[in-house]
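In this note's numbering, the protein residues as written are 250 to 342.
Beta carbons: idealized from backbone N, C-alpha and C, even for Gly.
Below is one structure; the comments refer to it alone.
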């Protein structure tokens, strides 16, 4: 089993412990990828025991959409300095 050195779980095993793990796929898609209404996703993420792993996964894989680890795509892009086109940019002062 491959171990991700930056993660406390074997690669992607953290997903089993996610607060959203038991949601039906269509409901999870609606909640986490409806960019107009992230509040429901953020409410689920806030108490998730693996939010850090989730956020790291989205960041490392440059996932440009959805709420991951209690962070919207806009927040993620701003944090890592990536614009909508996927280009790295300087962080705002």
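**OP:** Thinking residue 303 and residue 318 are a contact (beta carbons under 8 Å), I'd like their distance in whole angstroms, please.
**Re:** Their Cβ separation, rounded to whole angstroms, is 4 Å, which keeps residue 303 and residue 318 in contact under 8 Å.
Original post:
Sorted by chain position, which residues of the same chain lie with C-beta nearer than 7 Å to residue 282's C-beta, five sequence neighbours on each side aside?
Top reply: Only 314 and 315 meet the Cβ criterion.
Subject >> Simplified DSSP state of residue 261, which is helix, strand or coil >> reply: Assignment of residue 261 by DSSP, reduced to helix, strand and coil, places it in the coil class.
Subject >> Three-state class that DSSP yields for residue 302 in the structure shown >> reply: The three-state reading of DSSP puts residue 302 in helix, counting H, G and I together.
Original post:
Based on Cα-Cα distance, which residue from 308, 307 and 297 lies nearest to residue 271?
Top reply: Considering only alpha carbons, the answer is 297.
Subject >> For residue 273, the three-state DSSP class (helix, strand or coil) >> reply: Three-state result, residue 273: coil.
**OP:** Using three-state DSSP, classify residue 343 as helix, strand or coil.
**Re:** In the structure as shown, the chain begins at 250 and stops at 342. Residue 343 is therefore absent and cannot be evaluated.
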